[in-house]
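Asker: Take the sequence shown: its letter number 44 is residue 43 in numbering that gives the first Met the number 0, and every next letter is one higher.
Don't be surprised by glycine CBs; every beta carbon is placed ideally from N, CA and C.
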Amino acid sequence: MIKKLSMEIVAKEEIAKDTVEMVLQNEYTSTHARPGQFLHISIEHHTLRRPISIASIDQQADTVTILYKKIGSGTERLAQYKVGEKLDVLGPSGGHFPVDLKPNSSVLLIGGGIGVPPIYYLGKELEQKGVHVQSILGFQSKEFVFYEEQFKKLGDTYIATNDGSYGQQGFVTDVVPHVQAFDRYYACGPQPMLKAVKETLKATPGHLSFEERMACGVGACFSCVIPTDTDKGYKKICQDGPVFAAREVIL
0 MIKKLSMEIV AKEEIAKDTV EMVLQNEYTS THARPGQFLH ISIEHHTLRR
50 PISIASIDQQ ADTVTILYKK IGSGTERLAQ YKVGEKLDVL GPSGGHFPVD
100 LKPNSSVLLI GGGIGVPPIY YLGKELEQKG VHVQSILGFQ SKEFVFYEEQ
150 FKKLGDTYIA TNDGSYGQQG FVTDVVPHVQ AFDRYYACGP QPMLKAVKET
200 LKATPGHLSF EERMACGVGA CFSCVIPTDT DKGYKKICQD GPVFAAREVI
250 L
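1. Can you find at least 3 beta carbon pairs, one from the segment 126–134 and one from the segment 151–167, that sit closer than 8 Å?
2. Pairs of beta-carbons, one from the segment 77–86 and one from the segment 103–114, closer than 8 Å: are there three or more?
3. Going by C-alpha distance, which of M192, A186, F138 and F181 is nearest G166?
4. Mark S52 as exposed unless 16 or more other C-beta atoms lie within 10 angstroms of its C-beta, in which case mark it buried.
5. How big is the Cα-Cα spacing for G71 and N103?
6. Find the nearest neighbour of E20 within the set E26, K68 and Q58, judged by alpha-carbon distance.
7. Beta-carbon within less than 7 Å of K141's beta-carbon, same chain only, minus the 5 sequence neighbours each way: which residues are those?
8. Once the 5 residues before and after L200 are set aside, which same chain residues still bring their CB inside 6 Å of it?
9. Less than 6 Å between C-beta atoms, sequence neighbours within five positions excluded: which residues of the same chain meet that for V88?
10. Short check: CB of G188 to CB of V171, under 9 Å?
11. Less than 8 Å between the CB atoms is what I'm expecting for Y233 and P241, so what's the real figure, rounded?
12. Between E26 and D57, is the Cβ-Cβ spacing less than 9 Å?
13. Whole angstroms are fine: how far does the CA of L77 sit from the CA of T203?
14. Looking at C-alpha atoms only, which residue of I118, I113 and C237 is the closest neighbour of P97?
15. Checking 9 Å against the spacing of the C-beta atoms, do Q238 and G218 come in under that value?
16. Return the CA-CA distance between L47 and G112, expressed in angstroms with no decimal places.
17. What separation, rounded to the nearest whole angstrom, lies between the Cα atoms of E147 and C220?
18. Measuring alpha carbon to alpha carbon, tell me which of T28, T74 and L23 ends up nearest H45.
19. Starting from the C-beta of L125, find all residues in its chain whose C-beta is less than 7 Å away, skip the five residues before and the five after it, and write them out in chain order.
20. Mind checking which residues open and close the beta strand (DSSP E) that includes T30?
21. Among I236, F243, G205 and S55, which one has its Cα closest to the Cα of R212?
22. List the DSSP bridge partners of L89.
23. Check whether the Cβ atoms of G114 and A32 lie closer than 9 Å to each other.
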């Protein structure tokens with residue numbers, strides 16, 4: 000259930016170039032959030048809220064960690080908020096990744112840029128369920144890389160950078176041939192990456208989580224729709240997603 004919440008900033012750090020990690024405290028969200036969901040955050044002097052994926056939760060501390068890139072005036076302003084200030088938030092919003100996997104099954108996680116955080120939250124939950132986790136993380140260059148060590152604690156982790164300044168040069172799909180066999184994949188990132196992943200792994204069941212600009216964030220305005228092969232045609236990323244079965248969406 001989506002609620003309007005007041006969430007206090009308890010920690011904030013820039014962990015890579017233009018990438019901010021922010022820890023928010025709120026018991027309801029830390030208790031009810033699921034991997035793949037997002038927070039819809041109101042930012043001072045900006046009409047539209049910003050959707051930010053959840054990177055992890057700590058139920059003991061009642062905290063939720065989010066990560067975002069400073070790529071516009073909204074996220075630039077969000078990065079200026081200080082520890083101790085409170086944010087006006089709607090959430091947890093959207094659907095979540097299905098985690099109906101048996102222990103000892105194997106998954107491949109694929110994250111591109113700011114699509115990495117929700118994949119990390121998912122990986123932590125799957126690892127705790129006894130699922131074998133492998134991860135491929137894609138970034139523009141070395142200075143944008145984050146959470147590599149955190150993912151390594153979950154399982155084998157591969158890094159790809161566009162310019163080859165760290166890890167393997169190329170795209171996440173270039174790394175796929177190097178991983179071990181897996182039963183299912185999950186991916187989050189920009190739509191061109193998701194399209195390439197879907198095509199590369201078309202023989203394997205998978206789920207895609209979409210990064211998308213949103214207006215209302217609750218399914219009322221139809222600004223974030225995606226075509227599907229179901230009888231419903233278009234679906235709303237904010238309400239029906241942001242997670243979809245790969246076979247369902249048309250890219």
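Answerer: The answer reads as follows:
1. yes
2. no
3. Numbered from its first residue, the sequence shown carries residue 166 at position 167. Among M192, A186, F138 and F181, the Cα nearest to that of G166 is on F138.
4. Against the sequence shown, residue 52 aligns to sequence position 53. S52 should be labelled buried.
5. Reading the sequence shown from its first residue, position 72 is the one you call residue 71. Reading the sequence shown from its first residue, position 104 is the one you call residue 103. Cα-Cα distance, rounded: 42 Å.
6. Taking the first residue of the sequence shown as position 1, residue 20 is located at position 21. Taking only the C-alpha atoms, the option nearest E20 is K68.
7. Numbered from 1 along the sequence shown, position 142 holds the residue referred to as residue 141. Excluding sequence neighbours, K141 sits near T160, S164 and Y165.
8. Mapped onto the sequence shown, residue 200 falls at position 201. Hits under 6 Å: Y184.
9. Within the sequence shown, numbered from 1, the residue matching residue 88 stands at position 89. Around V88: L4, M6, L38 and I40.
10. The residue given as residue 188 occupies position 189 in the sequence shown. The residue given as residue 171 occupies position 172 in the sequence shown. Yes.
11. The residue labelled residue 233 in the question sits at position 234 within the sequence shown. The residue labelled residue 241 in the question sits at position 242 within the sequence shown. In fact, because the Cβ distance is near 14 Å, the residues do not count as touching under 8 Å.
12. Here residue 26 is taken as the residue at index 27 of the sequence shown, counted from 1. Here residue 57 is taken as the residue at index 58 of the sequence shown, counted from 1. Going by C-beta atoms, E26 is not nearer than 9 Å to D57.
13. Working through the sequence shown from its first residue, we reach residue 203 at position 204. Working through the sequence shown from its first residue, we reach residue 77 at position 78. T203 and L77: Cα-Cα distance of roughly 38 Å.
14. Within the sequence shown, residue 97 is the residue found at index 98, counting from 1. With distances taken between Cα atoms, P97 lies closest to I118.
15. In the sequence shown, counting from the first residue as 1, residue 238 sits at position 239. In the sequence shown, counting from the first residue as 1, residue 218 sits at position 219. Yes; because the gap between Cβ atoms is below 9 Å, this pair is in contact.
16. For this step, residue 47 is matched to residue 48 along the sequence shown. For this step, residue 112 is matched to residue 113 along the sequence shown. If I take the Cα positions, the gap works out to 23 Å.
17. In the sequence shown, counting from the first residue as 1, residue 147 sits at position 148. In the sequence shown, counting from the first residue as 1, residue 220 sits at position 221. Between E147 and C220, the C-alpha separation is close to 37 Å.
18. Here the question's residue 45 lines up with position 46 in the sequence shown. For the residues T28, T74 and L23, the minimum Cα distance to H45 belongs to T74.
19. Working through the sequence shown from its first residue, we reach residue 125 at position 126. Contacts found: V98, L100, V106 and V132.
20. For the purposes of this step, residue 30 is identified with residue 31 of the sequence shown, where counting begins at 1. Note, T30: premise wrong, no beta strand (DSSP E); alpha helix (DSSP H) at E26 to H31.
21. What you label residue 212 is simply residue 213 of the sequence shown in a count that begins at 1. Measuring from the Cα of R212, the nearest candidate turns out to be I236.
22. If you number the sequence shown from 1, residue 89 lands on position 90. DSSP lists K3 and H39 as partners of L89.
23. On the sequence shown, position 115 is the one that residue 114 refers to. On the sequence shown, position 33 is the one that residue 32 refers to. Their beta carbons are not under 9 Å apart, which means G114 does not touch A32 by this criterion.
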